[in-house]
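Enquirer:
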Amino acid sequence: KDIVYIGLRDVDPGEHYILKYLGIKAFSMTEVDRLGIAKVMEQTCDHMFSKVKKPIHLSFDIDALDPSVSPATGTPVAGGLTYREGIYITEHICQTGENIRISGSCLAFLKLLKGSYDAISSFP
Numbered sequence: 020k021d022i023v024y025i026g027l028r029d030v031d032p033g034e035h036y037i038l039k040y041l042g043i044k045a046f047s048m049t050e051v052d053r054l055g056i057a058k059v060m061e062q063t064c065d066h067m068f069s070k071v072k073k074p075i076h077l078s079f080d081i082d083a084l085d086p087s088v089s090p091a092t093g094t095p096v097a098g099g100l101t102y103r104e105g106i107y108i109t110e111h112i113c114q115t116g117e118n119i120r121i122s123g124s125c126l127a128f129l130k131l132l133k134g135s136y137d138a139i140s141s142f143p
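Position 2, counted from 1, in the sequence shown is what our numbering calls 21; the numbers after and before it change by one each time, with no gaps.
1. Considering residue 75, what are the terminal residues of the beta strand (DSSP E) in which it resides?
2. Quick one: any contact between the region 100-117 and the region 64-82, if contact means 3 or more CB pairs under 8 Å?
3. Answer with buried or exposed for residue 26, where buried requires no fewer than 16 other C-beta atoms within 10 angstroms of its C-beta.
4. Look at residue 95 and residue 86 and say whether their C-beta atoms are less than 8 Å apart.
5. Quick one: what's residue 46 bridged to in DSSP?
See below:
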């Protein structure tokens, strides 16, 4: 119940069952489009901080972004978050107040594109 997913799309029936069974708050991309990312983040923070203020672990799955913004995703599904929406999520969490700390963060499921090793290895 202390988890919020933002930007879900292509959720299979088993995943949908787990979300409902565990009472996990989730915003689909349809909801992000309808409400706007600012309202989604307002509702996310209301949910997360309604009980007690505690550190947050932010896990940002690169698959949440649209593949046009992040082509190096392992599971490309069109219709994801824009670059700006992804940045807004982290900005909003960081600006929630001085009693809130980000306890950790990770960027998950990033894969190198074919040929990208040569580009990376050519950096000085």
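In this text, a Cβ means the ideal position worked out from N, Cα and C, and glycines have one as well.
Expert: Walking through what the data contain:
1. Counting from 1 along the sequence shown, the entry for residue 75 is found at position 56. Unbroken beta strand (DSSP E) run through residue 75: 75-80.
2. yes
3. Within the sequence shown, residue 26 is the residue found at index 7, counting from 1. So residue 26 ends up on the buried side.
4. Residue numbering aside, residue 95 sits at position 76 when the sequence shown is read from its first letter. Residue numbering aside, residue 86 sits at position 67 when the sequence shown is read from its first letter. Taking 8 Å as the Cβ cut-off, residue 95 and residue 86 qualify as a contacting pair.
5. What you label residue 46 is simply residue 27 of the sequence shown in a count that begins at 1. 25.
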